[in-house]
Structure formats: structure tokens, C-alpha cells
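**Q** Sharing a structure with you now.
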């Protein structure tokens, strides 16, 4: 995902703020469409498909990524079919969920997380939450790697066989407890390092890209199109 | 259980966004204030820990795997407010990057898992977590947090007109119970391991409530649980069973309350009516609990 976000397609160049606005308009449009209006949803599918093609991202990879939610959506659509006996409603339940996933995916796949967080900051999301998100993004793989190393260490100690009398649960609990304590110590180290760098510490402020004329134009057109699609009765 | 975008009615997700966004904002300003700045890296790294812990799956039999969800663990180590904030951020990242949950449904998911889930997970520890029942309270918290978050999610889907039939609800309840028991078991083993490693990492529970107060709080929680069960579709089955057994019309209302029979007048859909009335009921019970706890707190601090 990070690799996709570093690309240079036309959607990557768009101002992150503009992209967030368009995505919100799109999500609200899709999720307020009633199940009976399959045509409107099909039009939204067309919009997101055009955006996918324009973005220049690998289409198959994105679709595969969006398919993660399919087990949930398909079982829900099936349930709805059993309950209502109407294939159209079931189809629109499935379509609505997947369209929302694809739209969100498109934003994240064309925007690096730091610039996305900065865009969110200008929408008034508290800085504490964004800083926590930054820390999670930075340390997620560090800590996951540490967990992986602990697993290897455990595997080399007992050669894949359970040689202690502890249950699986106890061993897991112990491992997670160690990981927890390590993470805690790491956090303290980070805080000390931040203090050492200066009184404020925190994240360096990057220059937020200005909203160009092209950005404003794209935003207006997209939001108007979404509004038009939503309001036009496609039945 | 994460709700995806597109499954909730606009009224529902909008309402919970309106609740969760200011609440998360309040928590972050509280965290930023005073000398809490040092906690921001801690919360971030602990959030990363929760993500990493969720990646470590372990076999639970029948070909399925389970993993730690972490809300109770965070609540008893970092404190409930910090835990709720970290989980709210985690839910945001999951919605954006991992296609788990949705951007518009963030408010609903945060309400279910970060706010109510953490509250339910912390409650047993708050009540009886300082004595011999410490481990049991952590275990119970794990079970409760999963059950609360998941049943609230089902309820929201149901209000939104999703086909959550009593059969579906019953089936999911069993799954949630198993998940919850596992969560409780892992949480308690991790908790004990952390305590052995470094007792200072565990938030010491100084809430030495008196027995009467404990009973009082316990009672209000029991009331809240009754409220949830009234709002859930399960009593529909109960009612049906009563009707088929031929004992209808036995109930009498001693007091004609505005929510009598847990049904509101002008809403046509029966399920919807019950669910909405039930939710309002929960809200009232919750407000009552909040007031109770507020009235209990100052005296306790005075005693310390």
C-alpha cells in the first residue's frame, strides 16, 4: 500500500484535502442510496471505475485488496436475499459495501499516510489522535518484527515441540507480556529522545501543498457529479 | 466486530459520528493537557503493540484461529481514557488502511468498541480489581468487552434494517461468547505475565470501594445488562414462546412509563420500534449509572 501511495499518477498529484472532500461526498452519496435504486449504485460503480483507471494503479491488485471484505458483504447479501427474496436488494447491499471499500482504498493508495494525516489535521482532527496514528504507523512493523523474532527464538529453543508443561495459552500470554513490556520501554526511550531533541519535540511540520486551480476544479466537478448521480432517479 | 460503510442507515452512522467525534476530541484535549504529553508516544507505541498482537494468531481448534483484541488489556494497563483514545485511532487506521470498518461508520465502531467496549472491559476491574478477585475481574472484563462491542454492532445493523433475525442473533451470540471467553483468557494471562515482569506497568487499582457502593454499582450494571437484553431481538423469541404456550396478556403494567412494553408509538416497524425503545432505555440506564458514579467518586477521593 505504501508503495502504491508513492506513485506519481494524476490522482497522486491531487491535493490530499481535495481527495478527502471528494471521498466523503462519494461515501455519503453511496451510503444514502436506497437499496431499490440499483441504477444509481451502478452509476457510482462507473465513477469509481473511471477513477481507478485514471489513477494508473494496478487494477487487479486493488480489486484483490478490496476483496478482503467480500466474506462479510457476501454473507450479508445472502442473508438479505433469504430474508427479502429479492435479488436486486441483495445485489445493492453487496454493491454498496464494496463501492465504499473501493473508494476508501483509492484515497489511501494514492496518498502517503503522513500527507493524509496532515490533510485530516486541517479538517480539525485533534493533533493528539494524529500523532498517535503516526506513532502506530512508524512502530507497527518494528513491533511486529520483534514478535516474529520472539517466535523464531521460541521455535529454536524447543525445536517446534512443546517441551514445557505450560499450556499454549500460558506461553502465548507470556510472549505477549514480554512484547508489551518491550513496547513500553521503547515508548519511554522515544519520549526521552524527543525531549533530548528539544522542548517541543513532536513531528516536523511539512509544508502542506497549496490548493491549486486544478484541485479546486476537480473537487467542484467531482462533487457536482456525485450530487447529480445521487439526485437523478436512475430507475 | 467492525461495521463496514454502506451497511448502516444514514441516520444511524450520522448519530454515532456526532457522539464519537466530540468524545474523541475531548479525550485528546484531556491527554494533551498538563504533563500528559509524555503519554502520546506511549499511546502510539501501545497502539502499534495492539496491531502487532492482533497479527499473532493461534489455533483454537476447528480450523479457526483467534487473536487478542486488546481493549481490556489497554484499559487495565494504560487506564480507560487512554485505552479508548488509542482504540479510536486504531479503528480509524483500520478503516482507512486495512479495509476493516469504514470512514463513515467510524463513529459507530468507535462507540461500540472504543467507548462501550473499554467501559465494559474496565468495569469489573474497577469494581473488584484490587483484591483476590483481580484476575477474575480482568477475565470478566475481556468477556464483557467483546460481548458488549459485538452486540451493539448487531443492534446497530438491526436498526438499520439489516436482516439480523433472532436465529442470526443467537448464532452470533454463541460465536461472540466463545471469542469473549478466549479474549478474557488471553488478557488475563498477558496481564499476569506483565505483572510478573514489571508490576509498575499495571495500573494499580486504588478504587477501594465499600461493599455497599460496590453492590450499588453492580446493581446498576445488572440493570444496564437487562436493558440491553430487552433491546436485543432475543426477547422476541421469548415472547413468541410465551404466546405459543398460551399465556398471553398476563403482564400488567404497574406504572405506565413512557417506554411501556419497550415500544414507541409512531414507528411502524415492530423490530425497529423495539430496538429504538431499547436503545433509549439503555441510554437512560447509562445516564443513571453515570450520575451514580459521579455521586460516588468525590467521597472516595476524599477518603484516600
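Protein chains in written order, with the numbering used here: chain F, 109 to 343; chain S, -15 to 288. For every residue, glycine included, the Cβ atom is placed at its ideal position computed from N, Cα and C.
#1: What did DSSP end up calling residue 335 of chain F once you bin it into helix, strand or coil?
#2: Go through its chain and collect everything with a Cβ distance to residue 182 of chain F's Cβ below 7 angstroms, but skip five positions before and after it.
#3: Figure out for me which residue from F:121, F:119, F:148, F:174 has the closest Cα to the Cα of residue 336 of chain F.
#4: Residue 237 of chain F by DSSP, collapsed to three states: which one?
#5: In whole angstroms, give me the CA-to-CA distance for residue 264 of chain F and residue 334 of chain F.
#6: List the residues of chain F whose Cβ lies closer than 8 angstroms to the Cβ of residue 176 of chain S, in chain order.
#7: By Cβ distance below 6 angstroms, which residues in the same chain neighbour residue 257 of chain F in space, the five residues on each side in sequence not counted?
#8: Quick check: is the beta carbon of residue 221 of chain S nearer than 8 angstroms to any beta carbon in chain F?
#9: Pull up the distance between the alpha-carbon of residue 242 of chain F and that of residue 149 of chain S, whole angstroms please.
#10: Have a look at residue 196 of chain F and residue 140 of chain F and give me their C-alpha separation to the nearest angstrom.
#11: With C-beta atoms as the reference, is residue 131 of chain S less than 8 angstroms away from residue 168 of chain S?
#12: Take every Cβ of the stretch 117 to 137 of chain F, pair it with every Cβ of the stretch 77 to 89 of chain S, and state whether three or more of those distances are shorter than 8 angstroms.
#13: Whole angstroms are fine: how far does the CA of residue 166 of chain F sit from the CA of residue 216 of chain F?
#14: In angstroms, rounded to a whole number, what distance separates the CA positions of residue 4 of chain S and residue 236 of chain F?
#15: For residue 13 of chain S, which of helix, strand or coil comes out of DSSP?
#16: Taking 8 angstroms as the CB-CB cut-off, is residue -11 of chain S touching chain F?
#17: Does DSSP put residue 134 of chain F in a helix, in a strand, or in coil?
#18: Considering only residues of the same chain and omitting the five flanking positions on each side of residue 297 of chain F, which have a CB-CB separation below 8 angstroms?
#19: With 8 angstroms as the threshold, decide whether the Cβ of residue 142 of chain S is near any Cβ in chain F.
#20: With 8 angstroms as the threshold, decide whether the Cβ of residue 87 of chain S is near any Cβ in chain F.
#21: In chain order, what residues of the same chain have a beta carbon less than 7 angstroms from the beta carbon of residue 30 of chain S, not counting five sequence neighbours either side?
#22: If you count every other CB in all the chains shown that lies within 10 Å of the CB of residue 260 of chain F, and 16 or more means buried, which is it?
#23: Should residue 194 of chain F go down as buried or exposed, given a rule of 16 or more other Cβ atoms within 10 Å for buried?
#24: If you measure between the beta carbons of residue 37 of chain S and residue 276 of chain F, is that distance less than 8 angstroms?
#25: Output yes if chain S places a C-beta closer than 8 angstroms to the C-beta of residue 134 of chain F; else output no.
#26: I'd like to know whether the C-beta atoms of residue 209 of chain F and residue 78 of chain S end up nearer to each other than 8 angstroms.
#27: Identify whether residue 82 of chain S lies in helix, strand or coil by the three-state DSSP scheme.
#28: Helix, strand or coil, according to DSSP, for residue 230 of chain S in the structure here?
#29: Between which two residues does the alpha helix (DSSP H) harbouring residue -9 of chain S extend?
#30: Residues in the same chain with beta-carbon distance under 7 angstroms from residue 112 of chain F, minus the five sequence neighbours each way, listed in chain order, please.
#31: Check whether the Cβ of residue 75 of chain S lies closer than 8 angstroms to any Cβ atom in chain F.
#32: Quick one: list the residues of chain F neighbouring residue 163 of chain S, beta-carbon separation under 8 angstroms, in chain order.
#33: Is residue 96 of chain S helix, strand or coil by DSSP?
#34: Using a Cβ-Cβ cut-off of 8 angstroms, state whether residue 72 of chain S counts as contacting chain F.
#35: Residue 175 of chain S: which of S:120, S:142, S:25, S:145 sits nearest, CA to CA?
#36: Out of S:166, S:157, S:156, S:173, point me to the one whose CA is closest to residue 286 of chain F's CA.
**A** This is what the structure gives:
#1: helix
#2: 202
#3: By alpha-carbon distance to residue 336 of chain F, the top candidate from F:121, F:119, F:148, F:174 is F:148.
#4: It is helical.
#5: Rounded to whole angstroms, residue 264 of chain F to residue 334 of chain F spans 57 angstroms at the Cα level.
#6: Identification of chain F residues near residue 176 of chain S by a Cβ-Cβ cut-off of 8 angstroms yields 281, 285, ordered along the chain.
#7: none
#8: A caution first: residue 221 of chain S carries a pLDDT of 45, below 50, which makes its placement in the model too unreliable to give a value.
#9: Going by the C-alpha atoms only, they are around 41 angstroms apart.
#10: Going by the C-alpha atoms only, they are around 17 angstroms apart.
#11: no
#12: yes
#13: 14 angstroms
#14: 15 angstroms
#15: If DSSP states are grouped into helix, strand and coil, residue 13 of chain S belongs with the helices.
#16: yes
#17: Secondary structure of residue 134 of chain F (DSSP, three-state): helix.
#18: none
#19: no
#20: yes
#21: 58, 62, 70
#22: Exposed, by the Cβ-count rule.
#23: exposed
#24: no
#25: Not closer than 8 angstroms to any Cβ of chain S, the Cβ of residue 134 of chain F fails to qualify, so no.
#26: no
#27: coil
#28: Annotation note: pLDDT 44 at residue 230 of chain S (below 50); position unreliable, no value reported.
#29: Counting along the chain, no alpha helix (DSSP H) covers residue -9 of chain S, and no H or E run does either.
#30: Contacts found: 165, 217.
#31: Closer than 8 angstroms: no.
#32: In chain order: nothing, as chain F lies at least about 15 angstroms away.
#33: helix
#34: yes
#35: That would be S:120, whose Cα lies nearest to the Cα of residue 175 of chain S.
#36: Considering only alpha carbons, the answer is S:173.
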